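Residues in the sequence shown are numbered from 29 upward in steps of one, following my numbering.
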Amino acid sequence: MDMTWFDEMEARIPTGEVRTRFAPSPTGYMHVGNLRTALYTWLIARSMGGKFLLRIEDTDQGRLVADAADIIYKTLRQTGLTWDEGPDVGGPVGPYIQTERRDFYAKYAHLLVEKGAAYYCFCEKTESEEDSGEFDRAADPCRDLDPAAAKARVDAGEPFVIRQKIPAGTTTFSDAIYGDITVDNADLDDQVLLKRDGLPTYNFANVIDDHLMGITHVVRGSEYLSSAPKYDLLYRAFGWNIPTYVHCSPVMRDAQNKMSKRHGDPSYEDLLALGYLSEAVVNYVALLGWSPRGEYAETEFFALDELVKVFDIHGISKSPAIFDLEKLKYFNAHYLRALEPDTFFAIAEPYLKEAIHSPAIDLSLVAPLVQPRCDTLLDIAPQVDFFDAVPEYSNELYCHKKMKTDEVNSKEALEWVIPALEALSQWTFDTIHDCLIALAEAKELKNGRIMWPVRTALSGKAVTPGGAVELCHILGREETLRRLCAGIAHLS
Ligand code: GLU
29 MDMTWFDEME ARIPTGEVRT RFAPSPTGYM HVGNLRTALY TWLIARSMGG KFLLRIEDTD
89 QGRLVADAAD IIYKTLRQTG LTWDEGPDVG GPVGPYIQTE RRDFYAKYAH LLVEKGAAYY
149 CFCEKTESEE DSGEFDRAAD PCRDLDPAAA KARVDAGEPF VIRQKIPAGT TTFSDAIYGD
209 ITVDNADLDD QVLLKRDGLP TYNFANVIDD HLMGITHVVR GSEYLSSAPK YDLLYRAFGW
269 NIPTYVHCSP VMRDAQNKMS KRHGDPSYED LLALGYLSEA VVNYVALLGW SPRGEYAETE
329 FFALDELVKV FDIHGISKSP AIFDLEKLKY FNAHYLRALE PDTFFAIAEP YLKEAIHSPA
389 IDLSLVAPLV QPRCDTLLDI APQVDFFDAV PEYSNELYCH KKMKTDEVNS KEALEWVIPA
449 LEALSQWTFD TIHDCLIALA EAKELKNGRI MWPVRTALSG KAVTPGGAVE LCHILGREET
509 LRRLCAGIAH LS
């Protein structure tokens, strides 16, 4: 076989640097487990000063979803997982979309036949035999065909697949997390590498691509552990360096079951729609199956650039991690509270607008009231709905033991408050505050005796973000006085 083309392919492969790849199949959403794989893969590259590649694995056409690749780009952008090479930015070892590489695989499959590590197989096997690998390879009439005779049948146009010829003996491969694993080759099937239609199987394509792209660390889910010895045998047959395998344990919804979109578990996009911040999701997902060590062992909050500094492969755990929405909520609350007020307002505004339609309400004044009081962005709207209109409420809301308020003295308080507020020449937080405090003082009452009825009349709620003064200020003079009068009527 003329090796010129193969030599040129070898010559393109960058060396002397860490290279990792995220190789998603375009499914239409970003599974939490996939996001974690992407994150760890990116962190390995970035923490070791290497390159991070994006490769779209779309060979399985049945699973192709329109625009699905866009979701991948969008998610990586949103999460800050920048890529150095990929379908859109190109790079030295492209193309970066598997279907655009389809001509490569057949060449390598035929080369492998020549090397004696694969064979042409002309048998018609049922799909289930193929899928399960359950057929007796000793009984396969093609396995030991005379190579020249087999080649002649191929050249004559007979349909064939190319199968990996698993040798006798055992295979030991190494994984950075699981250590050395030895398997009996008798348990490995002579898997198909190249299908009848000339397209590769996933198991073949990934080895060719990872080699040709110079990938040094292959990060993937532990469901690929059982295929790893077959990949190893392929690398060895070609005489290629074997990358470091990093198999990650699954992300579980509970002790028994993996997280799954089909069973209603949220994807990354779902989590954003549920009011979680991308940064919080990334931070939480980083800790699903990886723990910082040494001086950071007790730290749980990490921005992406901090993760780059502390991440190391050996912190990845073998045991499956359980995804806990409550824990994510805790991370999210932390991130929401830590936002600069302006940033929080920009993020919260659409959620505030959902509940508050009155143009008289300055939403930038409402935002700081809810910032410390929400775990997710979806907690905003239900807290602020009363700004538009006071909901139905019971007069029992006026009765508060600790504040020493009841229906009678609340009505009395509102009757004092109205003229006092009416007399204000300026309607600012401070003037309102001083006015109400002065009123309590003049009546020799605790502040709560005045504040509680005011807040209740303005909101019709037992709990509000912000107290009486904030609410008066935001609602404005006219609306405040109108609501206080309505409160008196409610109590009469
Ligand atoms: N396309 C495969 C998947 O999405 C990637 C597996 C791998 O990283 O090798 O599961």
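Ideal Cβ positions, reconstructed from N, Cα and C, are used throughout, including at glycine. All of these numbers come straight from a predicted model, not from anything done at the bench.
Quick check: what's the CA-CA separation for residue i versus residue j?
{"i": "residue 121", "j": "residue 81", "result": "10 angstroms"}
{"i": "residue 253", "j": "residue 291", "result": "24 angstroms"}
{"i": "residue 405", "j": "residue 459", "result": "32 angstroms"}
{"i": "residue 145", "j": "residue 272", "result": "22 angstroms"}
{"i": "residue 503", "j": "residue 310", "result": "38 angstroms"}
{"i": "residue 209", "j": "residue 203", "result": "8 angstroms"}
{"i": "residue 285", "j": "residue 35", "result": "46 angstroms"}
{"i": "residue 514", "j": "residue 374", "result": "34 angstroms"}
{"i": "residue 387", "j": "residue 463", "result": "26 angstroms"}
{"i": "residue 300", "j": "residue 60", "result": "12 angstroms"}
{"i": "residue 378", "j": "residue 237", "result": "44 angstroms"}
{"i": "residue 23", "j": "residue 180", "result": "In this structure the chain extends from 29 to 520, so residue 23 is not present and cannot be described."}
{"i": "residue 102", "j": "residue 398", "result": "29 angstroms"}
{"i": "residue 516", "j": "residue 302", "result": "40 angstroms"}
{"i": "residue 143", "j": "residue 29", "result": "10 angstroms"}
{"i": "residue 42", "j": "residue 168", "result": "40 angstroms"}
{"i": "residue 294", "j": "residue 407", "result": "18 angstroms"}
{"i": "residue 229", "j": "residue 172", "result": "22 angstroms"}
{"i": "residue 508", "j": "residue 353", "result": "40 angstroms"}
{"i": "residue 490", "j": "residue 447", "result": "25 angstroms"}
{"i": "residue 475", "j": "residue 430", "result": "12 angstroms"}
{"i": "residue 451", "j": "residue 497", "result": "16 angstroms"}
{"i": "residue 170", "j": "residue 96", "result": "40 angstroms"}
{"i": "residue 193", "j": "residue 211", "result": "16 angstroms"}
Less than 8 angstroms separating the beta-carbons of residue i and residue j?
{"i": "residue 268", "j": "residue 135", "result": "no"}
{"i": "residue 330", "j": "residue 338", "result": "yes"}
{"i": "residue 313", "j": "residue 67", "result": "yes"}
{"i": "residue 364", "j": "residue 442", "result": "no"}
{"i": "residue 308", "j": "residue 380", "result": "no"}
{"i": "residue 129", "j": "residue 316", "result": "no"}
{"i": "residue 383", "j": "residue 418", "result": "no"}
{"i": "residue 247", "j": "residue 351", "result": "no"}
{"i": "residue 105", "j": "residue 147", "result": "no"}
{"i": "residue 275", "j": "residue 206", "result": "yes"}
{"i": "residue 332", "j": "residue 108", "result": "yes"}
{"i": "residue 479", "j": "residue 494", "result": "no"}
{"i": "residue 289", "j": "residue 57", "result": "yes"}
{"i": "residue 385", "j": "residue 416", "result": "yes"}
{"i": "residue 336", "j": "residue 74", "result": "yes"}
{"i": "residue 72", "j": "residue 341", "result": "yes"}
{"i": "residue 232", "j": "residue 240", "result": "no"}
{"i": "residue 265", "j": "residue 140", "result": "yes"}
Contact defined as beta carbons within less than 8 angstroms: I believe residue i pairs with residue j. What is the distance between those atoms, to the nearest angstrom?
{"i": "residue 150", "j": "residue 188", "result": "5 angstroms"}
{"i": "residue 53", "j": "residue 86", "result": "7 angstroms"}
{"i": "residue 345", "j": "residue 318", "result": "7 angstroms"}
{"i": "residue 396", "j": "residue 369", "result": "6 angstroms"}
{"i": "residue 84", "j": "residue 126", "result": "6 angstroms"}
{"i": "residue 79", "j": "residue 45", "result": "6 angstroms"}
So, is the C-beta of residue i closer than 8 angstroms to a C-beta in chain C?
{"i": "residue 56", "result": "Note that chain C does not occur in the displayed structure, where there is just one protein chain."}
How do the segment 191–205 and the segment 254–261 stand: do at least 3 beta-carbon pairs fall below 8 angstroms, yes or no? Yes, they touch.
Touch test, the segment 431–438 against the segment 472–491, Cβ-Cβ under 8 angstroms, three pairs minimum: yes
Segment contact, 8 angstroms Cβ cut-off, at least three pairs: the segment 174–184 with the segment 210–220: no
Contact the segment 39–56 vs the segment 104–121: 3+ CB pairs below 8 angstroms: yes
What runs of the alpha helix (DSSP H), each 4 residues or longer, lie entirely inside the segment 415–459? 435–450
Could you pull out every unbroken beta strand (DSSP E) segment of at least 3 residues lying fully inside the segment 75–124, listed in chain order? 79–82
Residue ranges of each alpha helix (DSSP H) within the segment 325–364, 4 or longer: 332–338
Within the segment 38–74, ranges of the beta strand (DSSP E) (whole runs, at least 3 residues): 47–50
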